[in-house]
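Written below as structure tokens is the structure these notes are about.
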Amino acid sequence: MKKLLTIFSISFLLVACGSSTKTSADLAVSTPIETSIDLTKVTNDQVPVVINPGRFTVETVTYRLPKVVQGTYSVSDFGKYVDDFKAYNYEGIEIAANKVDTNTWTVSGATNLDYITYNVNDTFDVETSGGIGGDTPFSPAGTNIEPDNYVLNLHGFIGYFDSLKNNQYKLDVTAPSDFVRTSALQNVAEKTSEDGKSITTSYFAPRYFDITDNPMMYGNLDVETFEVGGIKVVLSVYSPNQTHTAKQIGETMKTMMQAQKAYLGDINSTPRYDIYLYLSRGDADSPKGFGALEHHTSTVVVMPEAIPDAALAESMVDVVSHEFFHIVTPLSVHSEDVHYFDYNNPTFSKHLWMYEGVTEYFATLFQVDQDLISEQEFYTKILGKIQSASGMNDTMSFTIMSENVLDEPYASQYYNVYQKGALIGMCIDILLREESNGNRGILSLMKQLSSKYGKDKPFVDDNLIDEITDMTYPSVGEFLQTHVVGDVPINYNEFFAKVGLEIGESKVETNYIQNDGALIFGANQEKGTIHFNGLVAQNSFWHDNGVLPNDVVKSVDGEEVTMMTANSVFQKVMMWQPGKEITMVLDRDGKEVVIETTVETSYTIGKTLVSNPNATEAQLSLRKAWLKG
């Protein structure tokens, strides 16, 4: 999972992932659980679902919707979007069903249970903060129900019986015949209604995990298919105003994924990979949590539709490359907590530094390795992560945080897995290159772990660091024990020195809301206003246009700016591109100031990585091995 956080507050604006076995006593015959979702019978923005589990041989059974789904590291409580839960016997008579908690129902008299029914509300139109610090699922893990689009993250519609998570599932999805439908689940049959107005598609899932692991998208979709290194890639795009096309985005994705495959080399892959992109209108009922959620063979992405083409391409490279690299970890290398995931009462691995951090590092490093970005652009990304990590708790054990990620004070530190977690990966990579004279790096370590374990064999969580130490060098084990298990902050200068780099200051490109990562706006809670702070003087665009510290922002391009509207307005400001005509109205000591200008690239004085003029040949050689494999 990768989140692009978009919450504006007083001080910051951030732009940004027990075993169950079948019990024979519960079923007389182990048959597929028959499930159906009917998109032609939506009423009051609710989709009807029917679950037929086969015949039980026990009197009471438990049915659940997931509390937590894999890859989110947060509570989603999909049961709270379920209404009118009912159970029926073989005579068609309703029987007792008791709601135990938010996500759980028990059915009495289960030996005579024929099927259950319920209606599902979607999550997109009730989001308050996109699942980031709010009480709704992170948007790419959520669901959408509207006349021309359905985001079917199936964990939001289909649940499981406690003892039957390993049973096969047969899923029927009925939809209007003119809908485009995409899913990587095995399609076993299609049936058109007699009047030709609807088509029922039947899918097969080997177990409940495959239900949760294979999202679908139905409706007015733009679809492009291409091949990368033997992988069939299917890109499904929903752009409500046809602002962006699958063809345009597909060209970027193909170039990126070709580079990823070249970087990964012989790591096992999947024959098909699906990318589902939902572009948000940006209104009150639209999803607000931008980013992506990984699955074994697909990813669901949510982005703002108003984003310019170039910015969308850059964001898609960042988030989709991250999700695609999850085929390495946790999909190929993972602990028992992941392999035997409990959707209702999950335990979490200690190794988010690897699952999300190393994945994020790969998604950053491969771009310079494959010449998609320059070395200087790579350095800028790395320094950005150092700056972001500096705003988090740098004296917190990463393994303790990971294991307790649902609880405070650890939950609020989750974002650091993409920052310090990636930097941990970088440090290990440099150590491995140094110890092996440039021949080994973190990618070769992950290949070695993947070869030992793989998608069907989990590792023991407490043993991983010892195993990595045995596979590599004592210095790697010491680093992990000190800076990942331990709580000692990392001195990144020591690692940059190994590759002949040092941190210096120079003129750097920035954006229109920050100076090299530092926000140039403040907020007055009492008045509910947003103002420029003192840092605006160091932002070339605003300084050149006469903006002064303490100028209150009244409106941007006609949109009023308040504490309530700032998030959506400044998302758009963040995406400005040079050449755009803009109008900003300011309040300066009670006087109105209007700025009408054309956007230009903005610069500030910031930190950057530069080559040490006294770097040795050994350091330069190590840098080359680090950046170019």
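Numbering (this note's numbering), first residue to last: 4 to 632.
Built from N, CA and C at the ideal position, the CB exists for glycine as well.
Check, Outcome
"Sufficient close CB pairs (3 or more, under 8 Å) joining the region 450-467 to the region 522-530", "no"
"Buried versus exposed, by CB contacts within 10 Å (16 or more), Y153", "buried"
"For Q528 and L641, the rounded distance between their alpha carbons", "There is no way to answer for residue 641, as the model of the chain reaches only from 4 to 632."
"Which listed residue (K530, E193, T398, Q370) has its alpha carbon closest to that of I385", "Q370"
"DSSP three-state assignment for I506, whether helix, strand or coil", "strand"
"Distance CB(V123)-CB(L116) smaller than 8 Å", "no"
"Assumed close pair E308, R284 - CB separation to whole angstroms, cut-off 8 Å", "6 Å"
"Test: S391 CB closer than 8 Å to a CB of chain B", "Looking at the structure shown, chain B is missing, and only one protein chain is on hand."
"Pairwise C-alpha distance: S186 and I36", "19 Å"
"Sub-8 Å separation of G428 and V511 beta-carbons", "no"
"Among A113, I431, S142, the one whose alpha carbon lies nearest that of T472", "I431"
"Reference V304, options D554, M219, M474, closest by Cα", "M219"
"Integer-rounded CB distance, given that V361 should sit under 8 Å from I445", "6 Å"
"Contacting residues, own chain, Cβ-Cβ under 7 Å from A28 (five flanking each side not counted)", "Bear in mind that a pLDDT of 40 at A28, under 50, signals an unreliable position, so the number given afterwards is only what the model happens to contain. If we look at A28 and ignore the five residues flanking it on each side, its Cβ neighbours are T60, V61."
"Integer Cβ distance of S205 from K173, believed to fall under 8 Å", "6 Å"
"Residues near E508 by beta carbon distance below 8 Å, same chain, minus five either side", "I608, G609, K610, T611"
"Counted within 10 angstroms of its Cβ, other Cβ atoms place G134 as buried (16 or more) or exposed", "In this prediction, G134 has a pLDDT of 42, which is less than 50 and means its spatial position is unreliable; what the coordinates show is noted afterwards. Flag for G134 reads buried."
"Continuous alpha helix (DSSP H) assignments of at least 4 residues falling wholly in the region 378-424", "378-393, 401-406"
"Residues near H329 by beta carbon distance below 6 Å, same chain, minus five either side", "E297, T362"
"Three-state secondary structure assigned by DSSP to R284", "coil"
"Local conformation of D125 per DSSP, three classes", "coil"
"Beta-carbon separation (whole angstroms), L623 vs G503, contact threshold 8 Å", "5 Å"
"As assigned by DSSP and simplified to three states, the class of H337", "coil"
"Cutoff 8 Å; reference G561; Cβ partners in own chain excluding five residues on either side", "T586"
"Boundaries of the alpha helix (DSSP H) in which H546 is found, first to last residue", "543-547"
"The region 37-45 touching the region 157-176, judged by at least three CB pairs closer than 8 Å", "yes"
"Three-state class that DSSP yields for R436 in the structure shown", "helix"
"Per DSSP, cross-strand counterpart(s) of D151", "The partner list for D151 (beta bridge, DSSP) is empty, contrary to what the question assumes."
"Rounded Cβ spacing between V695 and L467 (contact assumed at less than 8 Å)", "In the structure as shown, the chain begins at 4 and stops at 632. Residue 695 is therefore absent and cannot be evaluated."
"Whole-angstrom distance between V336 and N347, CA atom to CA atom", "23 Å"
"Cross-strand partners of V556 (DSSP beta bridge)", "L589"
"Coarse secondary structure for V572, derived from DSSP in three states", "helix"
"Through-space distance from N147 to D654, alpha-carbon basis", "No answer is possible for residue 654: the residues shown for the chain start at 4 and end at 632."
"Cβ neighbours of P69 in the same chain (closer than 6 Å, five flanking residues each side left out)", "F81, H158, Y346"
"Between the CA atoms of Y221 and V32 - distance to the nearest angstrom", "Reliability of the predicted coordinates at V32 is poor, the pLDDT of 43 falling under 50, and no value is obtained from them."
"Residue closest to N190, alpha-carbon to alpha-carbon, out of D181, V183, S196, A208", "A208"
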